[in-house]
Amino acid sequence: MPRNSSGEETPHQPVLYQPSIDALQPHDGGRYVDATVGAGGHAFGILDQSSPTGLLLGLDRDENALAIARQRLEEFHDRVFLRHSSFVCLKTEAANLGWLCVDGILMDLGLSSMQLDTPERGFSFRTDNPLDMRFDPTSGISAADLINTYREEEISRILWEFGEEPKSRQIASAIVKNRPIETTGQLAALVSRIYGPRRGEHHPATRTFQAIRIAVNDELGSLQETLPIAVELIKRGGRLAVITFHSLEDRMVKQFFQRESRDCLCPPSQPVCTCGHKASIRLVARKPINPSVEEMRNNPRSRSAKLRVAEKL
């Protein structure tokens with residue numbers, strides 16, 4: 003649990019907190035990027051472990067989260083730089099500080115507990131609020147814009163590709179027939195009607211809400227674009243740590259790490275390498291780091307989290 007300078011525990015325990023700090027190996031004088039700073043939980047640990055002169059750049063698309071992080075990290079004064087920005091811009095934001103390379107980058111992906119627990123943000127199907135789902139409410143299209151303007155075929159594709167929703171076509175058809183849909187309650191009720199009486203612990207709208215959120219925020223596209231930028235920015239011996247929360251993210255990170263840790267990408271049947279690819283990273287661990295039983299008990303939302311770590315060669 004992160005603590006402030008008085009030894010008091012700080013609120014909101016981030017997922018895989020200690021494994022993330024251990025993976026990055028923060029040290030005095032190091033420069034680090036928390037590309038999804040959120041409430042500042044991981045950032046606090048990085049700054050604490052890199053005392054007294056380690057520096058941290060924290061990025062987030064959510065200004066509300068940045069306000070909380072700014073207050074939480076105020077004791078570190080001029081050692082922390084917070085920016086309202088997407089991690090896609092991490093190289094530019096680092097360059098604005100004069101940082102040509104960094105010692106470590108942390109990416110804690112997906113939806114934060116704060117966002118989920120703020121009903122008016124429109125992420126949760128448990129309350130009835132305007133459909134928004136944007137990480138940055140000041141830009142981009144909302145979930146309501148998407149489901150009320152996209153063609154049925156496109157909505158179906160989003161539900162299938164980003165939510166792995168088996169009833170994607172039926173749900174997309176029902177959405178189009180029942181437009182306009184303006185609230186989370188309306189959308190959740192529509193999906194529930196298609197599934198019938200609820201069975202099991204998961205709400206039938208879980209996959210639909212996940213898929214629409216991913217599409218609204220271009221989560222997978224942004225991740226795919228950022229991973230190579232992150233590796234390029236890290237100095238030799240530095241580390242990239244990525245926390246994912248669903249299989250689509252994890253698969254993308256896993257495949258990227260595997261590819262970039264190999265010297266040759268030619269087919270095994272090809273006798274001579276012609277691709278010229280050289281490994282840029284090494285895998286710190288072959289398998290992802292999962293939350294402990296204790297963490298999952300204390301924070302059920304951590305159950306799906308996976309941490310993958312790579313070191314720059």
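The sequence shown maps to residues 3 to 315 in the numbering used here.
Cβ coordinates follow ideal geometry from the N, Cα and C atoms, glycine included.
It should be emphasised that the depicted structure is a prediction, and the values quoted were computed from it without experimental measurement.
| Check | Outcome |
| --- | --- |
| Relative to the alpha-carbon of Asp252, which residue among Pro16, Arg81, Ala307 has its alpha-carbon at the smallest distance? | Ala307 |
| So, for Ser158: in the same chain, excluding its five sequence neighbours on each side, which residues have a beta-carbon less than 7 Å away from its beta-carbon? | Ser170, Arg171, Ala174 |
| Any contact of the region 205-217 with the region 268-282, i.e. 3+ C-beta pairs under 8 Å? | no |
| Can you check DSSP and say which residues form a bridge with Pro132? | Thr185 |
| Which word fits Gln226, buried or exposed, when buried means at least 16 other C-beta atoms lie within 10 angstroms of its C-beta? | exposed |
| Suppose contacts are defined by Cβ-Cβ distances below 7 Å. Is Ser263 in contact with Ile236 by that definition? | no |
| Would you call the CB atoms of Val193 and Glu154 closer than 7 Å? | no |
| Mind the definition here: the region 105-115 touches the region 73-86 only if three or more C-beta pairs lie below 8 Å; say whether that holds. | no |
| Note down the Cα distance separating Arg85 from Thr38, rounded to an integer number of angstroms. | 10 Å |
| Between the Cα of Ala231 and those of Leu61, Glu77, Lys93, spot the shortest distance and give me the residue it belongs to. | Checking the sequence, you will find Ile at residue 231 rather than Ala. Here the closest residue by C-alpha is Lys93. |
| Quick one: Cα of Leu59 to Cα of Asp36, how far? | 6 Å |
| For the alpha helix (DSSP H) that contains Lys169, what are its first and last residues? | Taken as a continuous stretch (DSSP letters only), Lys169 belongs to no alpha helix (DSSP H), as it is neither H nor E. |
| Which of the three DSSP states, helix, strand or coil, is assigned to Gly60? | strand |
| For Tyr152, collect the residues of the same chain with a Cβ closer than 8 Å to its Cβ; drop the 5 residues on either side in sequence, then sort them by chain order. | Ile160 |
| Count the other CB atoms, across all protein chains shown, that sit within 10 Å of the CB of Arg181; report buried if there are 16 or more and exposed otherwise. | exposed |
| Specify, as a first and last residue, the run of the alpha helix (DSSP H) that Tyr19 falls within. | 19-26 |
| For chain C, find out if any of its Cβ atoms is closer than 7 Å to the Cβ of Gln188; answer yes or no. | In the displayed structure, chain C is absent; only one protein chain is listed. |
| Name the residue from Arg128, Arg238, Leu133, Gln260 whose alpha carbon lies nearest to the alpha carbon of Thr208. | Arg128 |
| Determine the burial state of Ser53: buried for a count of at least 16 other Cβ atoms within 10 Å of its Cβ, exposed for fewer. | exposed |
| Since Gly56 contacts Gly31 with CB under 8 Å, what's their CB separation in whole angstroms? | 6 Å |
| For His248, is the classification buried or exposed, using 16 other Cβ atoms within 10 angstroms of its Cβ as the cut-off for buried? | buried |
| Residues in the same chain with beta-carbon distance under 6 Å from Ser240, minus the five sequence neighbours each way, listed in chain order, please. | Note that residue 240 is Gly in the sequence shown, not Ser. Closer than 6 Å at the Cβ level, and outside the excluded window around Gly240, lie Asp105, Gly106, Lys314. |
| Please give the ranges of any beta strand (DSSP E) in the region 189-248, keeping only runs that are unbroken, at least 3 residues long and fully inside the region. | 236-246 |
| For Ala69 and Phe137, what's the separation of their Cα atoms in angstroms? | 14 Å |
| What are the start and end residues of the beta strand (DSSP E) that includes Leu49? | Note, Leu49: premise wrong, no beta strand (DSSP E); alpha helix (DSSP H) at 43-51. |
| By Cβ distance below 6 Å, which residues in the same chain neighbour Gly9 in space, the five residues on each side in sequence not counted? | Reliability of the predicted coordinates at Gly9 is poor, the pLDDT of 43 falling under 50, and no value is obtained from them. |
| Out of Pro28, Gly42, Gln117, Ser88, state which residue places its alpha-carbon closest to the alpha-carbon of Asn75. | The sequence given here has Leu at residue 75, not Asn. Cα-wise, what sits closest to Leu75 is Gly42. |
| Which word fits Ser7, buried or exposed, when buried means at least 16 other C-beta atoms lie within 10 angstroms of its C-beta? | Bear in mind that a pLDDT of 40 at Ser7, under 50, signals an unreliable position, so the model cannot answer this. |
| Just to confirm the assignment, what range does the alpha helix (DSSP H) spanning Leu68 have? | 65-74 |
| Quick one, which of Arg305, Ser141, Gly100 has its alpha-carbon nearest Asp64's? | Ser141 |
| Please report the straight-line C-alpha distance between Lys280 and Asp265, rounded to a whole angstrom. | 4 Å |
| Cβ atoms of Leu309 and Pro21: under 7 Å apart, would you say? | yes |
| Please report the straight-line C-alpha distance between Asp147 and Gln51, rounded to a whole angstrom. | 43 Å |
| Determine the closest residue to Phe259 out of Pro270, Cys268, Val286, Arg238, with distance taken between C-alpha atoms. | Val286 |
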